[in-house]
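Here is the structure we will look at, set down as structure tokens.
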Amino acid sequence: MPQPSPVTPDAPTRIRTPLLTQQWLDLAFVHWAVEPALVAGLLPRGTVPDTHDGVTYVGLVAFRMHRVGWLRLPGVPYLGTFPETNVRLYSVDAHGRRGVVFRSMDASRLIPVAMGRVGFRLPYLWSRMTVRATGDTVTYTSSRRWPGPRGAYSRITVRTGERIEEPTELEHFLTARWGMHNAFFGGAAYLPNDHPRWPLHRAELLTCEENLITAAGLPAPSDAPVSVLYSPGVPVLLGRPSRPAGIPTP
């Protein structure tokens with residue numbers, strides 16, 4: 001079992017030459033606790049569930065991707081801007097690097113979906129999606145088109161609350177994730193990211209109707225989420241993927 005790196009609210013390593021730039025805007029973070037053994041088999045080979053006080057988490061994260069760009073070129077306004085909703089898990093590798101693992105990534109632009117699937121082997125899925133803000137509420141909807149399962153959907157509405165001056169240890173654990181692990185040609189790759197410290201707000205979950213979690217191969221949540229947060233967003237740099245020395249798994 002690796003010794004995970006400390007959870008830090010700021011990126012531990014600055015990315016000087018990014019592979020991709022983008023902004024993540026109007027994010028809703030909804031999380032449920034889950035036993036690590038229930039999700040361990042869904043992580044890439046060479047990683048294990050990352051835990052906080054012996055528990056790991058399933059995250060449903062809805063947001064707007066804005067102006068994705070290559071290297072330091074200007075972000076693309078149309079193809080690089082779209083709603084996205086992710087189902088994610090929490091992972092750690094043999095170097096102790098904490099990350100997330102995406103089980104599904106619904107997005108509304110077909111070309112970025114195809115590029116993400118082919119170029120990065122990410123579980124992108126093409127969906128009809130909207131993000132609508134009215135006063136202090138934000139509603140995110142998705143309905144899957146391709147490759148399926150068709151009919152996988154979500155409707156999430158949050159009411160944003162006060163700014164969090166000092167996030168709890170759990171709130172840092174769930175949001176301050178400085179990379180992702182992804183299965184890549186028989187092993188696990190680690191893709192780092194770098195962005196300013198999250199501006200986080202308390203949020204109330206008004207609506208959560210979805211089957212994205214079960215469509216991603218996870219058990220349906222049976223309890224209320226343990227954490228609901230909102231962030232207006234951050235600019236993000238993504239670094240080049242590296243192949244970690246994985247944890248041997250059977």
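Residues 1 to 250 in the numbering used here are what the sequence shown spells out, letter by letter. All C-beta atoms in this analysis are idealised placements derived from N, C-alpha and C, irrespective of residue type, glycine included.
Counterpart residues of residue i in DSSP-defined beta bridges
| i | result |
| --- | --- |
| V268 | Because residue 268 is not part of the residues shown, which for the chain are 1 to 250, the question remains open. |
Pair within 8 Å by beta-carbon distance, residue i and residue j
| i | j | result |
| --- | --- | --- |
| W24 | V58 | no |
| D26 | P167 | no |
| A94 | R159 | no |
| S104 | A189 | no |
| P18 | L237 | yes |
| T85 | Y124 | no |
| S91 | P49 | yes |
| V228 | V87 | no |
| T130 | T207 | no |
| F82 | P112 | yes |
| L38 | P199 | no |
| M65 | Q3 | no |
Cα-Cα separation, residue i to residue j
| i | j | result |
| --- | --- | --- |
| G151 | G161 | 32 Å |
| E169 | A62 | 22 Å |
| R155 | R240 | 33 Å |
| P248 | N182 | Only weak support is given to the placement of P248: the predicted model assigns it a pLDDT of 48, under 50, and the value that follows is read from those uncertain coordinates. Between P248 and N182, the C-alpha separation is close to 16 Å. |
| N193 | V234 | 12 Å |
| G80 | V68 | 4 Å |
| V118 | L205 | 35 Å |
| I164 | P9 | 13 Å |
Bounding residues of the beta strand (DSSP E) (the contiguous stretch that carries residue i)
| i | result |
| --- | --- |
| H181 | G179 to F184 |
| D93 | F82 to D93 |
Element boundaries [alpha helix (DSSP H), containing residue i]
| i | result |
| --- | --- |
| L212 | L212 to A215 |
| H172 | E169 to T175 |
| L60 | Unbroken run through L60 is the beta strand (DSSP E), T56 to W70; no alpha helix (DSSP H). |
| V320 | No answer is possible for residue 320: the residues shown for the chain start at 1 and end at 250. |
| L38 | P36 to V39 |
The ligand FMN heavy atom lying under 7 Å from the CB of residue i
| i | result |
| --- | --- |
| L200 | Only the bare structure without any ligand can be found here, which leaves the ligand FMN out of the picture. |
For this session: Just list the beta strand (DSSP E) runs in the segment 101-158, keeping only unbroken ones of 3 residues or longer that don't cross its boundaries, in chain order.
Result: 124-134 and 137-146
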